[in-house]
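Count along the sequence shown from 1, then add 879; that gives the number in the working numbering. Ideal Cβ positions, reconstructed from N, Cα and C, are used throughout, including at glycine. Quick caveat, the model's predicted, so the values are computed rather than measured.
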Amino acid sequence: MEKCVAALDIGTYSCKAAIYCARDRNLYSASRGYGLLFPRPGYVEQDPGTWFRAAIDAFSDALRKVPGAADKIAAISISGTNGLVMVDEQGEPVHNAVMFSDRRSERQAADLARRYGTLIEEIAGNRPAPGSFSLPIINWFREEQPELWQKVRTILVPAGYVIMKLTGRRTIDTSRASMTLFFDQGKRRWSEELRAWEGIPGEVLPQLLEPWDVAGEVTPEAARLLGIKPGVPVLAGCVDTVAACVGMGNIAPGRATLMLGTTGRVVLTIDSARFDGRFINQCHALPGLWICTGAMSSSGGSLKWFVDSFGRLEQALEGQVGVSSYQLVDMAAARSPAGSRGVIYLPYLSGERSPPWNSRARGVFFGLSDGSTYSDVARSVMEGVAFSFKDNLMTIEQATGTFASGLMMGGGGARSRLWRQILADVLERPIEIPEVLEAETLGSIALAGHASHLWGSMDEAVHDLVKVSDTVLPDTRNSDVYRRQFRVFKDLYAALVPVFEEAAG
880 MEKCVAALDI GTYSCKAAIY CARDRNLYSA SRGYGLLFPR PGYVEQDPGT WFRAAIDAFS
940 DALRKVPGAA DKIAAISISG TNGLVMVDEQ GEPVHNAVMF SDRRSERQAA DLARRYGTLI
1000 EEIAGNRPAP GSFSLPIINW FREEQPELWQ KVRTILVPAG YVIMKLTGRR TIDTSRASMT
1060 LFFDQGKRRW SEELRAWEGI PGEVLPQLLE PWDVAGEVTP EAARLLGIKP GVPVLAGCVD
1120 TVAACVGMGN IAPGRATLML GTTGRVVLTI DSARFDGRFI NQCHALPGLW ICTGAMSSSG
1180 GSLKWFVDSF GRLEQALEGQ VGVSSYQLVD MAAARSPAGS RGVIYLPYLS GERSPPWNSR
1240 ARGVFFGLSD GSTYSDVARS VMEGVAFSFK DNLMTIEQAT GTFASGLMMG GGGARSRLWR
1300 QILADVLERP IEIPEVLEAE TLGSIALAGH ASHLWGSMDE AVHDLVKVSD TVLPDTRNSD
1360 VYRRQFRVFK DLYAALVPVF EEAAG
């Protein structure tokens, strides 16, 4: 019987669903959106129920595009963004999910760093930071809302919550467990030492699995909602960054991936558990591999902020001219020369993660003059994000002693020819553009297909699925101006660090 496999990606603003059938080798996709909640300054939350509802709706939309596939789904794999979901005995959330950009646990993260120094980093592979990692958030709830913590029976991540709703099983894979700070990445198991030191009871931990393991089977109730037969295996899957790496062919040491979405990521694959706390380090979806990630908080988000704040004309025109406001801003930015006539943008609207890990940093426009134009400022946003990518890539290569042998770029920002050319020019390296830019679901399709024997190996799956649509070569005429601008970018941040501290009080 012909097989189809499916994927879900629980993103920051939407759930994407994809179905792949061996018959026609096409990918059928759909998505449903949702929003973030900001109950207080520095607090970033989501209602977990919105993920499951969006997953059901997006999956159903994708399934309708593939007649006859309902009885042929052989496996489902689920990826997702990072966040902490705490559920009670019945699997109901005791609180909204706390998302990766939340800042409420700054004091708890600083306290962990003070008490343990580099010990947590040596075992868990990551440094304590608010939002991105589970332990500081857990400690915040234990200190600030102990009565709520008493109700917690299991801690989960966004994709793990959806897996629980589909299968009834409470699980987590090794790539997501890497973000807890009580997981030993080198040994790919829970750290008994860190759990004991911090008093994390074993009974609140979900079952630990590898991404290729089966977490459970779709229950009859979930099958009815999805429109498929019950009993379909659901894989443990992996965190979205790892899934995107697989979906862009980054499954070998030395390969690198650039992801330009709302947030930005530079990811390098390594084959030994050597970790540097300036980056987010995680187990890969393949045995014996790990990833080092330079994670930026406001990459595509910077352009969204710019369009929302200053692109009112473009937003008004997009319905009339049949071109999106982002494309119109892109066209405006293209009218400015490389270097934006001296305007430099620091893309720290929400603080910054890698490499400085400074939650008090803020966005800055520098170098404005009476000759600066709207086009210059628009282009400077794109260039500032590119400089942040370069800062991360150079630092990762220096820290690991590994030069990235290939760069592939995905995410919505890769649709902009101008932005990907700016990135190639700033990095001074060729960049490959895949046919499928939102690679998270494609990576999960590869995992599900391998698990259900559509492909004999992950190498075979990636070879079949990942296709290059374009290769962007750097324009060497822009090298000098971008090298100079990058030095100013670095010096500007260093000079402003004490100002950021003072402004934050």
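Identity of the residues DSSP links to residue i by a beta bridge
| i | result |
| --- | --- |
| Met1287 | Thr1136, Glu1311 |
| Ala885 | Ile898, Ile955 |
| Tyr822 | An answer regarding residue 822 cannot be provided, because it is not within the stretch 880 to 1384 covered by the chain. |
| Gly1143 | Leu1139, Met1175 |
| Met978 | Gly962 |
| Asn1160 | Cys1171 |
| Ser893 | Gly912 |
| Phe1154 | BP columns for Phe1154 are empty, so no partner. |
| Asp1063 | Arg1068 |
| Thr1148 | Ile1170 |
Cβ shell of residue i (< 6 Å), same chain only, five flanking positions each side left out
| i | result |
| --- | --- |
| Asp1155 | Ala1278 |
| Leu963 | Val977, Ser1013, Ile1016 |
| Cys883 | Ile898, Cys900, Ala948, Lys951, Ile952 |
| Ser1177 | Pro1226, Leu1228, Ser1229 |
| Ser1011 | Phe979 |
| Gly1128 | Val1341, Val1345 |
| Ser1348 | Ile1312, Glu1314 |
| Arg1032 | Asp967, Glu968 |
| Phe1185 | Val1260 |
| Ala1240 | Tyr1227, Gly1230, Glu1231, Phe1379 |
| Ala1164 | Pro1090, Cys1117, Val1121, Val1125 |
| Ala1213 | Leu1297 |
| Glu1193 | Ser1204, Leu1207, Val1208 |
| Pro1216 | none |
Residue range of the beta strand (DSSP E) that includes residue i
| i | result |
| --- | --- |
| Leu963 | 962-966 |
| Asp950 | Taken as a continuous stretch (DSSP letters only), Asp950 belongs to no beta strand (DSSP E), as it is neither H nor E. |
| Asp1052 | 1050-1052 |
Same chain, Cβ closer than 8 Å to residue i, five either side skipped, listed in chain order
| i | result |
| --- | --- |
| Ser1358 | Asp1304, Glu1307 |
| Ile864 | Given a span of 880 to 1384 for the chain in the structure shown, any question on residue 864 remains unanswerable. |
| Glu1096 | Thr1046, Pro1109, Gly1110, Val1111, Pro1112, Val1113 |
| Ile1079 | Leu1014, Ile1017, Phe1061, Leu1073 |
7 Å CB neighbourhood of residue i in its chain, flanking five on each side removed
| i | result |
| --- | --- |
| Ala1056 | Phe1062, Leu1087 |
| Leu991 | Ile999, Pro1007, Leu1014, Pro1015 |
| Ile1275 | Val1145, Leu1147, Phe1158, Cys1171, Gly1173 |
| Val1367 | Ile1223 |
| Ala1101 | Lys1044, Leu1045 |
| Phe917 | Val923 |
| Arg919 | none |
| Trp1028 | Phe1020, Arg1021 |
| Ala1094 | Ile1042, Thr1046, Arg1048, Thr1050, Leu1088, Val1113, Leu1114, Ala1115 |
| Gly1190 | Ser1204, Val1208 |
Residue span of the alpha helix (DSSP H) that contains residue i, given as start and end
| i | result |
| --- | --- |
| Leu1352 | Unbroken run through Leu1352: none, as it is neither H nor E. |
| Tyr922 | Where Tyr922 is concerned, there is no enclosing alpha helix (DSSP H), given that its DSSP letter is neither H nor E. |
| Gly1198 | 1191-1200 |
| Ala1322 | The sequence given here has Gly at residue 1322, not Ala. Per DSSP, Gly1322 belongs to the alpha helix (DSSP H) from 1318-1330. |
| Phe1368 | 1358-1383 |
| Arg1296 | 1296-1306 |
| Trp930 | 927-943 |
| Ala1340 | 1337-1344 |
Exercise. Let me know the alpha helix (DSSP H) ranges lying completely inside the region 1208-1269, each 4 residues or longer, listed in chain order.
Key: Within the region 1208-1269, no complete alpha helix (DSSP H) run reaches 4 residues.
Quiz item: Which full runs of the alpha helix (DSSP H) of 4+ residues lie inside the region 1068-1120, going along the chain?
Solution: The qualifying runs are 1071-1077, 1099-1105.
Quiz item: Per the contact definition of three or more C-beta pairs closer than 8 Å, is the region 1279-1290 in contact with the region 1128-1148?
Solution: They touch, by the three-pair rule.
Quiz item: Residue ranges of each alpha helix (DSSP H) run of no fewer than 4 residues wholly in the region 962-1043, ordered along the chain?
Solution: Fully contained in the region 962-1043 are the following alpha helix (DSSP H) runs of length 4 or more, in chain order: 985-995, 998-1003, 1013-1023, 1025-1028.
Quiz item: Does the region 884-894 come close enough to the region 1320-1331 to have 3 or more Cβ pairs within less than 8 Å?
Solution: By the Cβ rule, the region 884-894 counts as touching the region 1320-1331, because three or more pairs are nearer than 8 Å.
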